[in-house]
Structures are given as structure tokens and as C-alpha cells.
Amino acid sequence: MRTTAPTDANILKLWEEGMQRSKAAAYAQALLDSVGPRLTGSPNMTRGQDWLLATYKQLGVSARKERYGTWNSWKRGVAFAQLTAPRVKPLEATMLSWSGNTAGKWVDGDVVTLKPYASPDEFKAWLPSVKGKVVLASAPRLTCRMPSQVAEFATPASAAALDSAQRDLTATYQGLTQRVPTFYADLKAAGAVAVFESNWSSFPGVDKIFGSPRNSALPTFDVGCEDYGMLFRLAQNAQGPKVKLMAENEHLGEQPVFNVIAEIKGSSKPNEYVVLSAHFDSWEGHSGATDNATGTVTMLEALRILKTVLPNPSRTIVVGHWSGEEQGLNGSGAFAADHPEVVKGLQFLFNQDNGTGRIVSTGPSILPENGPRLAQYMGQMPSQLTQYIRLSGPSGIGGGSDHASFLCYGAPAASLGALSWDYSNSTWHTNRDSFDKVMQDDLKHNATLTAMFAYLASEDPQPSSRTLMSPLPNGPNGQPITIPSCGKPLRESTGYRR
1 MRTTAPTDAN
11 ILKLWEEGMQ
21 RSKAAAYAQA
31 LLDSVGPRLT
41 GSPNMTRGQD
51 WLLATYKQLG
61 VSARKERYGT
71 WNSWKRGVAF
81 AQLTAPRVKP
91 LEATMLSWSG
101 NTAGKWVDGD
111 VVTLKPYASP
121 DEFKAWLPSV
131 KGKVVLASAP
141 RLTCRMPSQV
151 AEFATPASAA
161 ALDSAQRDLT
171 ATYQGLTQRV
181 PTFYADLKAA
191 GAVAVFESNW
201 SSFPGVDKIF
211 GSPRNSALPT
221 FDVGCEDYGM
231 LFRLAQNAQG
241 PKVKLMAENE
251 HLGEQPVFNV
261 IAEIKGSSKP
271 NEYVVLSAHF
281 DSWEGHSGAT
291 DNATGTVTML
301 EALRILKTVL
311 PNPSRTIVVG
321 HWSGEEQGLN
331 GSGAFAADHP
341 EVVKGLQFLF
351 NQDNGTGRIV
361 STGPSILPEN
371 GPRLAQYMGQ
381 MPSQLTQYIR
391 LSGPSGIGGG
401 SDHASFLCYG
411 APAASLGALS
421 WDYSNSTWHT
431 NRDSFDKVMQ
441 DDLKHNATLT
451 AMFAYLASED
461 PQPSSRTLMS
471 PLPNGPNGQP
481 ITIPSCGKPL
491 RESTGYRR
């Protein structure tokens, strides 16, 4: 890899434009603070996609919304929950996506724990007791201290006892809401007021926020670890917990869903493609910052840089802002299925989807001959960008993000892996995935790096390789890596479960 300064005039221009005149932070702030989260099929997703289209229009870049199916649309409204007895306390509670509502009214209810049941008949026998009640449907945490603190400060005996008790408690409630397919509807019919759950992320104050089961009849909230544990203890000890809550939302039914596709047409090889890839949808715990507004802004800003420096690339450069990734790579999978010409003519796809940190890894995946090509690209870039990157060897596809929608066809697609910044526990699908978690220098770095990858791939005189590695190596568990079928993308919400 080159350690001297680059000599390519366009690389130098891309560096200057990306590092000296970056708009990445401004884009991220507008998207995250003003638009906010982007649940698939929601009106807020439409707002976000319209923002993308308007931004590209300002840049003079052609962009469009491309329909790929329909999805159950849900509009978030105002929601609150408060403990009213045996004392008054506001609860840290987030209404889950696709939750039911309280029809514009405040409602009150005693708090009860879900009775662990061994059979549907046992569940039905318990149901009459929930009338007028708020049901706690998951196990609490016995402590909301971080596991690392327990490991550091507790005696071995205390740590072992706590771990054993927690495992038993979790097992008691594990899967109860799934054992009866009509669980939430049955609670609603029996007169329950709401369901509270808790999905702690192992960090203080951080919860995973997903969605309630599709078309949940009842208001469904995630309650923070400490408050949920308090409610559980009050109920278990018959100390009369009562809650007052209100949940406003609208269920809008199946509505069209779209990807946003931006494009700079190639000047000499318009039927060959470089694709910049990131999913635009998010859950609604907070703003969807590191999952995946950072990837979105990386690709948006990369195309802005390219448009400024390289308005007439040799190959067509496409940015795919995918919808439906959180429900199964649906937007990117549909695009790949609907555009065989892009799959066939793909020179490279670069995908980013794991948080805010500097890009530190990439590789050829199942196409080993592209490893030296990526190394050659990196060798032409400033070392300030490439010094952190580990170029991995051939590997399996995996199914974690949208590059897999193209790799399954044997097309060249690279994942741009970033530093964690405690992504898994602190921001991934959590109530803390907000603008302040975006490391602005790293975002600027990533967009500039991606613009250079796109430029070099676009102007590469040689086509990328599609020669699969042979034999396929074994994975981490010793089992042979397989190339999964691309399958059939899910184009409507019928049958989807979180």
C-alpha cells in the first residue's frame, strides 16, 4: 500500500473537497434533529425521502423514489406513562412502533405481572384477571448495573448468585408472548389497558427499541430497566402500583414503499455501475443516527464530493438509499431483483452500515481476485485515510446488511466496516441513537474515503473479477461457508413479524 503522497490530481481534489468543505455534519444534523427516525412505511420515512430528493436537487443530481412494494404504515403520536400509586413518578417509557392506542384518552390501570403459563388453556384461564390492568410481559433485570461493574466489584459468590437468579427469572418469562399467536388481541379482548415490556441493552439508561407485533391491538411500551424493575417489584409484593398513560398513533394500513435512487450517468460506460449503498430506514428509539443515518450521509456526501470534482465519471455512479433493511434487506433485495442490468454491470458496490466510527476494514468477500484491486485503490489514496484500514481476505457473505443482496448474485460488493464506539450496546436500535453520537470528523473521513473508492472504481480500465473462491473455506464454527440463495424479497408486510 502506498505511503507516499498521492499524485492523481482528482484524488487531491476529492481530498480537498471532502476534508475542507464537508457538508456531512450539516446533513446529519438536519436529517436527525429535524426529520428524525425513519420507520419503514411511515409518514416520517416519506418526510425523510422527500428531504433526500430536495437535497439531491440542490446538488444538481438526478434522484427518484422507486416503489418496490407496500408496507403496514403507522404514524407516531404523543405518548406518556406515569406511576400514580403508591407514589407519583414519571416513567421512562417509549411507545413501540405499530403499537395500539388509547383512542385519544388518558387511561388508568393497576399493574400486574404476566402469569407464566405452560399451555394455552392455562393462559385462557388467567385472562379474565387482566381487565383494567397494565400487564408486565417480560422479565425484569435484578440489577441495571453494567455487567462489567458486577464483574469488577462483586464477590465471586455474589456475582454467581446474581447470574443464576437472573437466568432463572429470564427463562421463566422467555417467549411467553409468542406462545399464543393471538396474545395481544386476547389481552385486548379481556379488557387489559396496555402491555409494558423491557429490553435492556446492558448499559445504564439504554434500551433496545423495536416494534410491537404487527397491528398490535394494545398500547405497547418499552419501559427503561430501572423503572420496569420497580414496577415489577411493586406488583410482586402487592404494593398497589397504578399507572396512568396515553398513547396516540394512527394505523394507516398497507401503503406504497420506496427506495431513493440517485445517479450520475456514466460518460463512456453508462451500462457499468458503481453503487454506493446504505439503508435509510431505522427503528424509532431515538433518531436512527448510527443505524443508519451515518451510512446514509456518508453516501450522500460522497456523491456531493464526486459531483463537484468528477461530474462526468466513466461508469454510472448510483446511490441506493434503501428502505426495509430492518425488516429483512427488503428494499435492496427488491432493487437487485428488479435491476438485473445493474447486477450484471456492477463494477463495485460499497456499503456502510455499522455506526459512526472511522472505516477500518473492507475486503473482497467471496471474490478473492478483487482483494488486490481494493489494495491498489487504497494505495492511490492519502495515507491519512487508509492507515486505519485492515484489508481482510476472502470470506463468506453473511446477511447483516444490504451488500448481501448483491453478493448472493456473485456480484462484487464490499462492506466498509467501522470502529464500534460501543455500537452494539449503546446505539444499535436503542433510545440513545441520536445526533450527539455522530463523530463528525470520522463521518467526514468516511465520506471522503468512499468518494475515492467510487472514483477509482469508476475509472478503473479493467472490470472487477467475478471468480468465486474455490474451495469455499470453513466459517468460525468449522462449518463450510455457503453462498445463500438471493431468495424472494418481501414486498408487503403480510406475514412479517419483528
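Per the UniProt record's numbering, the sequence shown runs over residues 1 to 498. We put the CB at the ideal spot given by N, CA and C, even for glycine.
Secondary structure of A451, DSSP reduced to three states: helix
Going by beta-carbon coordinates alone, are S138 and Y173 separated by less than 8 Å? yes
Cutting at 8 Å between CB atoms, please list the residues of its own chain near V35, excluding the five before and the five after it. N44, R47, G48, W51
P140 and F221 closer than 8 Å at C-beta: no
Would you please state the rounded distance, in angstroms, between the beta carbons of S277 and D402? I believe it to be under 8 Å. 5 Å
Output needed for F80: all residues of its chain with C-beta closer than 6 Å, excluding positions within five of it in sequence on either side, in chain order. M246
Leaving aside the five residues before and after A457 along the sequence, list all residues of the same chain whose C-beta is less than 6 Å from its C-beta, in chain order. V274, Q347, F348
Three-state secondary structure (DSSP) of Y68: strand
Which residue wins for smallest C-alpha separation from A192, given the options P37, W126, R145, I305? W126
Tell me whether K133 sits in a helix, a strand or coil according to DSSP, three-state version. strand
Would G333 and S405 qualify as a contact pair, given that the criterion is a beta-carbon distance under 8 Å? yes
Do you know whose CA, among S383, G410, P382, Y388, lies nearest S395's CA? G410
What is the DSSP secondary structure of T94, reduced to helix, strand or coil? strand
Which residue spans inside the region 308-344 form an unbroken beta strand (DSSP E) run of at least 3? 315-322
Contact the region 410-419 vs the region 366-385: 3+ CB pairs below 8 Å: yes
Grouping DSSP H, G and I as helix and E and B as strand, with all else coil, what is F203? coil
Quick one: what's I261 bridged to in DSSP? R64, G320
DSSP three-state assignment for Q82, whether helix, strand or coil: strand
Would you mind reading off the limits of the alpha helix (DSSP H) that contains E17? 9-20
Using C-beta distances below 7 Å, list every residue in its chain close to T182, excluding the 5 sequence neighbours before and after it, in chain order. none
Stretch-stretch touch, CB-based, cutoff 8 Å, three pairs: the region 446-463 with the region 9-20: yes
Taking the beta strand (DSSP E) that P156 belongs to, which residues open and close that run? Run containing P156: none in the beta strand (DSSP E); it sits in the alpha helix (DSSP H), 156-173.
Bounding residues of the alpha helix (DSSP H) (the contiguous stretch that carries D433): Segment: none, D433 is in no alpha helix (DSSP H) and carries neither H nor E.
What residue range is occupied by the uninterrupted beta strand (DSSP E) comprising E197? 194-197
Looking at G357: is its Cβ nearer than 8 Å to the Cβ of G363? no
So, with DSSP's three-state summary, where would you put T294? helix
Which one of S129, S97, F196, M439 has the shortest CA to CA distance from G355? M439
Name the two residues that bound the continuous alpha helix (DSSP H) containing T386. 383-386
V35 by DSSP, collapsed to three states: which one? helix
Coil, strand or helix - K89 by DSSP: strand
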